[in-house]
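**Student:** Can you keep this structure in mind? I'll have questions shortly.
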């Protein structure tokens with residue numbers, strides 16, 4: 001059993017503070033030293049890390065790989081969880097391995113397949129995984145053609161960038177004219193068709209969008225842990241319907257996820273999302289990285305980040321199946337600290353990591369309680385069975 005491990009998270013999303021909490025709270029009592037780098041000095045991941053630094057700005061992808069290799073060599077990183085430039089970093093896996101660093105990222109080919117949502121849908125359909133109807137559009141004429149085809153089936157049309165993450169750029173297209181309704185209350189994802197067409201007509205260059213029917217809830221997000229041998233150790237679905245959250249092992253969601261992971265070599269931690277189209281599950285997105293909500297599986301008794309690190313270090317955790325799924329719950333957010341001082345810009349030659357303040361939790365101290373509390377509510381299912 002490993003007694004000490006150094007894990008590095010590069011420019012990642014703030015929710016990964018929970019990933020760090022779970023590594024420190026591992027059930028084997030192993031000492032985990034967490035390194036973090038980011039471009040934002042106020043990112044909570046910097047305050048939560050044992051050692052932190054600002055990343056240099058303006059690096060090309062190739063230069064960033066050199067930066068990452070230098071970090072791993074200088075700080076004897078055992079496991080590197082890349083988010084920024086994940087694909088190009090994965091293409092240099094052997095160079096990291098020569099330094100003794102395991103990349104917690106799928107092969108570069110798999111990452112490239114699922115970075116482009118159109119390529120992802122084509123690949124998934126070939127593997128027998130249901131996908132929604134979709135159109136790739138670049139001009140206003142293509143948008144209108146796709147919109148009218150979707151409208152004719154009785155569905156609402158929506159679009160999103162062909163390459164992107166986190167729902168950025170997602171909009172629902174409507175024929176309703178722009179009115180005061182759009183200026184009251186909170187901003188809405190609904191946008192009138194005529195305004196979208198006008199914007200495309202006056203754009204300096206073509207867009208690259210996927211247009212499809214708006215999919216129905218529940219949304220099911222399947223977290224997978226797959227070894228480098230291609231065998232899936234875990235596939236558990238997290239369900240979302242409005243504010244309500246829950247878990248599922250229903251084959252309608254789990255079996256397509258296993259098929260994708262095994263067919264395309266989605267090694268390590270990945271996240272596969274589904275919704276309903278005409279009452280049937282269809283693929284929505286494939287994320288080749290740990291999900292921001294991965295820590296919620298702790299409500300099922302699973303410490304998935306630690307299991308992934310164990311697997312990366314050659315200690316197979318075996319098949320991970322939750323002993324219980326628990327009641328439905330709601331996610332409650334809470335504050336996280338930021339560093340009390342501004343981090344100096346990191347130099348690319350010496351690449352120092354700045355120790356975290358002494359007031360923060362050390363690698364041998366108990367981690368603070370997670371501010372994301374799971375509050376049980378009365379179970380209720382909707383749509384397709386999800387239990």
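Numbering (the UniProt record's numbering), first residue to last: 1 to 387.
By construction, the Cβ of each residue, glycine as well, lies at the ideal position given by its N, Cα and C atoms.
All values reported here derive from a predicted model rather than from experimental measurement.
Exposed or buried, residue 18, counting other C-beta atoms within 10 Å across all chains shown (16 or more means buried)?
**Tutor:** Buried, because 16 or more other Cβ atoms sit within 10 Å of the Cβ of residue 18.
**Student:** Run the CB neighbour count on residue 140, radius 10 Å, all protein chains shown included, and call it buried at 16 or more, exposed below.
**Tutor:** By the 10 Å Cβ count, residue 140 comes out buried.
**Student:** Looking at C-alpha atoms only, which residue of 323, 192, 290, 287 is the closest neighbour of residue 302?
**Tutor:** Nearest of 323, 192, 290, 287 to residue 302, Cα basis: 323.
**Student:** Helix, strand or coil for residue 176, going by three-state DSSP, please let me know.
**Tutor:** Looking at residue 176 - three-state DSSP - the assignment turns out to be coil, as it is neither helix nor strand.
**Student:** Is residue 389 near residue 83, with beta carbons less than 9 Å apart?
**Tutor:** There is simply no residue 389 to check, as the chain begins at 1 and stops at 387 in what is shown.
**Student:** Cutting at 8 Å between CB atoms, please list the residues of its own chain near residue 75, excluding the five before and the five after it.
**Tutor:** Closer than 8 Å at the Cβ level, and outside the excluded window around residue 75, lie 6, 8, 35, 51, 353.
**Student:** In this structure, what does DSSP give as the bridge partners for residue 209?
**Tutor:** Paired residues: 137, 161.
**Student:** Could you pull the start and end residues of the alpha helix (DSSP H) that residue 15 belongs to?
**Tutor:** Neither: residue 15 is in no alpha helix (DSSP H) and is coded neither H nor E.
**Student:** With DSSP collapsed to three states, give me the class of residue 216.
**Tutor:** Strand at residue 216.
**Student:** Can you tell me where the beta strand (DSSP E) with residue 273 in it begins and where it stops?
**Tutor:** Looking at the DSSP string, the run of the beta strand (DSSP E) that includes residue 273 is 268 to 277.
**Student:** Would you list the residues sitting across from residue 54 in a DSSP beta bridge?
**Tutor:** Answer by DSSP bridge pairing, in chain order: 38.
**Student:** Looking only at its chain, what residues have a beta carbon closer than 8 Å to the beta carbon of residue 195, apart from the 5 residues adjacent to it on each side?
**Tutor:** Closer than 8 Å at Cβ, skipping near neighbours: 178.
**Student:** Let me make sure I understand the geometry here. Which of 191, 233, 256, 159 has the alpha-carbon closest to that of residue 215?
**Tutor:** For residue 215, the nearest C-alpha among the options comes from 159.
**Student:** Who are the near neighbours of residue 115 in its chain, counting only those whose CB is closer than 7 Å to its CB and skipping five residues on each side?
**Tutor:** Excluding sequence neighbours, residue 115 sits near 87, 163.
**Student:** Would you say residue 260 and residue 127 are within 9 Å of each other, going by their C-beta atoms?
**Tutor:** Contact: yes.
**Student:** For residue 458, I'd like the list of residues in its chain whose CB is within less than 6 Å of its CB, leaving aside the five on either flank, ordered along the chain.
**Tutor:** Any question about residue 458 goes unanswered here, given that the chain covers just 1 to 387.
**Student:** Looking only at its own chain, which residues have a Cβ that is under 7 Å from the Cβ of residue 91, when we skip the five neighbours before and after it?
**Tutor:** Cβ neighbours of residue 91 beyond the five flanking positions: 108.
**Student:** Could you give the uninterrupted runs of the beta strand (DSSP E) lying entirely in the region 77 to 121, keeping only those of 3 residues or more?
**Tutor:** Here the runs fully enclosed are 79 to 81.
**Student:** Kindly indicate the opening and closing residues of the alpha helix (DSSP H) around residue 260.
**Tutor:** First-last of the alpha helix (DSSP H) with residue 260: 251 to 264.
**Student:** Can you find the residues in the same chain that come closer than 7 Å, C-beta to C-beta, to residue 189, ignoring five residues on each side of it along the sequence?
**Tutor:** For residue 189, where only same-chain residues beyond five positions count, the Cβ hits under 7 Å are 170, 171, 172.
**Student:** Is it the case that the Cβ atoms of residue 230 and residue 327 are separated by a distance below 9 Å?
**Tutor:** No, the Cβ-Cβ distance between residue 230 and residue 327 is not below 9 Å.
**Student:** Check whether the region 332 to 342 and the region 257 to 271 touch, using three or more Cβ-Cβ pairs below 8 Å as the test.
**Tutor:** Short answer: they don't touch.
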